[in-house]
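Novice:
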Amino acid sequence: MNAGLSFDLTPEQEAIQKLCHELADDLIAPAAEELDANAEFPYAIVAKMADLGLLGIPWPEKYGGIGADAVSYALAVMEISRGDASVGITLAAHTSLGSAPFYYFGSEAQKERYLIPLAQGTMLWGFGLTEPGAGSDAGNVQTRAALEGGHWVINGAKAFITNSGTRITGGTTITAWTGMRPDGRKEITNLIVPQDTPGFSASKKYRKMGWRASDTRELSFVDATIPAENVLGERGRGFKQFLDILDGGRISVAAVSL
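Just so it is clear: in the sequence shown, position 217 is 225 by the working numbering, and no numbers are missing.
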């Protein structure tokens, strides 16, 4: 007899929810007021989440994650955000926006180089879509990248980029205008920009009314130079790739608000 669809949590989901609930009560909530007052990034909390495997919840164990499902991930973001939404958005942006592009579009070499340390929590990563003059309109990107002598040379700016300037940030994946398509539209490509890239800089943190412990900055590219192989996915497919990533990102941001 068909009992119908069950909405009960699995034992694994319940365990992750309980773990994050206790972490929020014991460590995150007690620190939230001071972190907010000082606009201080929660390094100790992020390190604890990394120790618990929470920075790689949905990614397979072979890439440094714990291989849990999307419901477990959403429950974790929800419970962490209950303690402090700044910490919740740090986790959500790191996973859904920073790590996810490498998992879904990265080569095996890129997954080994970037996704594994991201899932293990030894570094954070940014997602550079929003621009001062274009918002989050992926098709209206103004940042440009030209392929010159085996390197991409990038010029432009990004705005409101989460996790982009902490002392454990490894870099940011950005959308850039790399040419024109046959149909006359911009060719958009996703490029991997390590934090120590010449010509790349992250500004001071924005002064915000909320989520003050979250790291949010403007990024500048002045003849920033990266190797030609620092393309994530396929050249010219960046528009669709980032739209796909945004779908997952919106779900995790919704979990922050529950």
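Heads up, the beta-carbon is just placed ideally off N, CA and C, and yes, glycines get one too.
(1) As a quick exercise: from 241, 222, 151, pick the residue whose alpha carbon is nearest that of residue 232.
(2) According to DSSP, is residue 9 helix, strand or coil?
(3) Does DSSP put residue 212 in a helix, in a strand, or in coil?
(4) Would you kindly report the start and end of the unbroken alpha helix (DSSP H) that includes residue 256?
(5) Taking residue 136 as the reference, give the member of 209, 66, 175, 64 with the closest Cα.
(6) Helix, strand or coil for residue 17? Go by DSSP, reduced to three states.
(7) In chain order, what residues of the same chain lie with their CB nearer than 8 Å to the CB of residue 33, ignoring the 5 residues before and after it?
(8) If you draw a straight line from the C-alpha of residue 226 to the C-alpha of residue 173, how long is it?
(9) Since residue 7 sits in a beta bridge, which residues does DSSP pair it with?
(10) Between the Cα of residue 110 and the Cα atoms of 52, 166, 179, which residue gives the shortest distance?
(11) To the nearest whole angstrom, what separates the beta carbons of residue 127 and residue 185, a pair I think is in contact under 8 Å?
(12) Rounded to a whole number of angstroms, what is the C-alpha to C-alpha distance between residue 238 and residue 17?
(13) Measuring CA to CA, which of 183, 217, 256, 254 is closest to residue 198?
(14) State buried or exposed for residue 132, treating a residue as buried only when at least 16 other CB atoms are found within 10 Å of its CB.
(15) On the DSSP letters alone, give me the boundaries of the beta strand (DSSP E) that residue 179 sits inside.
Specialist: Straight from the coordinates:
(1) 151
(2) With a pLDDT of only 48 at residue 9, under 50, the local geometry of the prediction cannot be trusted, and no value is derived from it.
(3) coil
(4) 246 to 265
(5) 209
(6) coil
(7) 91
(8) 9 Å
(9) The structure shown does not extend to residue 7, since the chain spans only 9 to 266, so no value can be given for it.
(10) 179
(11) With a Cβ gap of about 30 Å, residue 127 and residue 185 do not count as contacting.
(12) 40 Å
(13) 183
(14) buried
(15) 177 to 188
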